[in-house]
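Beneath this line is the structure, given in structure tokens, with notes to follow.
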Amino acid sequence: MTINLLDSLAVAGGDSVEVTVGDRTLSVRRDFTGDEVAAIIGLHSEGGIAPTLDEQLRALAAALSDSDDETQSAFVDALMEMPVLVIQQVTLRLAQIAGLRGEDGSFTVGARP
651 MTINLLDSLA VAGGDSVEVT VGDRTLSVRR DFTGDEVAAI IGLHSEGGIA PTLDEQLRAL
711 AAALSDSDDE TQSAFVDALM EMPVLVIQQV TLRLAQIAGL RGEDGSFTVG ARP
């Protein structure tokens, strides 16, 4: 028997939910495999794959959302017009809605029943 330890990172949060920033709406997934969660955590790690804020937000939107690419891009464009501190709070809240971060802001693990 083989056990994939990344499976313990999986999140089963149910159906997607819609969030808005101004007049832009994004559908946020709430169900992730362990591999997907590991990749998302990597976006927030030093030396992550996205060197600029814009690229990081686009990668995060792609990872968290099941909206089409055009909708994701418009949502990120709207975010990029906001102050960095607002962007930080919005992305934290997105991860909380997705079930990847707890109310204290820490990444949650093992949330899949």
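Numbering (my numbering), first residue to last: 651 to 763. The beta-carbon is built from N, C-alpha and C at its ideal position, and this holds for glycine as well. This structure is a prediction, so every number in the text was calculated from the model and none was measured.
In this structure, the alpha-carbon of D754 lies about 25 Å from that of T675.
As the crow flies, the alpha-carbon of G752 is around 21 Å from that of V671.
Here I653 is exposed, its C-beta having fewer than 16 other C-beta atoms within 10 Å.
Within the same chain, Cβ atoms closer than 7 Å to the Cβ of V667 are found at V678, R680 and I747, the five residues on either side in sequence being excluded. The C-alpha of V740 is placed about 10 Å away from the C-alpha of V734. Contact annotation: L656 and A688 have beta-carbon atoms nearer than 8 Å. Short of 7 Å from the beta carbon of F757, and not among the five residues preceding or following it, lie these beta carbons of its own chain, in chain order: I691, L750 and R751. Q722 counts as buried, since at least 16 other C-beta atoms from the protein chains shown sit within 10 angstroms of its C-beta.
When secondary structure is reduced to three states using DSSP, L744 falls in the helix class.
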